[in-house]
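Residue numbers for the sequence shown follow our numbering, so the first one is 434 and each next one is one higher.
Each residue gets a CB set at the ideal place from its N, CA and C atoms; glycine is no exception.
See structure below.
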Amino acid sequence: MMNLRADTRFSATPVPSGQALTEAIGFAGLVSPQSAWDLFSRGEAALLDVRTIEERAYVGRIEGSLHVAWATGTAMNRNPHFIRQVAQQLPDKAARILLLCRSGKRSAAAAEALTKAGYTAVYSVDQGFEGNLDAHGHRGGLDGWRFHGLPWLQD
């Protein structure tokens, strides 16, 4: 049985004291792609992909991850049912949840929204799935889940 409760220790950044961090950034913290994989693969955290269905299908996804899109469509309109859809998949508000998007921006916004909704151990995967843009405007060459060689699938 997986232990998704936040009772096992790991390193998240930045790491001031818990309450101060949550107040400063609006959620529990950032976790590196490697730490996210370690927690997820050991069953110590749920991994929730907040990218669009299209991103998961065409860019890649992590086997066993859950999915609720933070934003949808070409205009990237915020999903008004996000909190409710997450609650259907992850009803335990004390469960450790790692959010993943393309570069870490949407997952940070989603982590803040879930924290405001009462979730207490929500982390954003720093760098996201594809990573940040390089000097040529391309992703995947500097950082991110795929850059670090972590497991993923493509449909």
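Worksheet entry | Opening and closing residue of the alpha helix (DSSP H) in which Asp471 lies | 466 to 474
Worksheet entry | Three-way DSSP call (helix, strand, coil) for Val519 in this model | helix
Practice prompt. Assuming Leu531 contacts Phe460 (C-beta within less than 8 Å), just tell me the rounded distance between them.
Written response: The Cβ separation is near 11 Å, so there is no contact.
Worksheet item: Given that a residue counts as buried once 16 or more other Cβ atoms are within 10 Å of its Cβ, and exposed if not, what is Asn510?
Response: exposed
Fill in: DSSP state of Arg535 mapped onto helix, strand, coil
coil
Fill in: Ranges of the alpha helix (DSSP H) found wholly within the segment 470 to 511, counting only runs of at least 4
486 to 491
Practice prompt. Determine the direct distance from the alpha carbon of Ala544 to that of Ala550, and round the result to whole angstroms.
Written response: 10 Å
Discussion item. Between the alpha carbons of Leu523 and Leu575, how many angstroms are there, rounded?
Written reply: 32 Å
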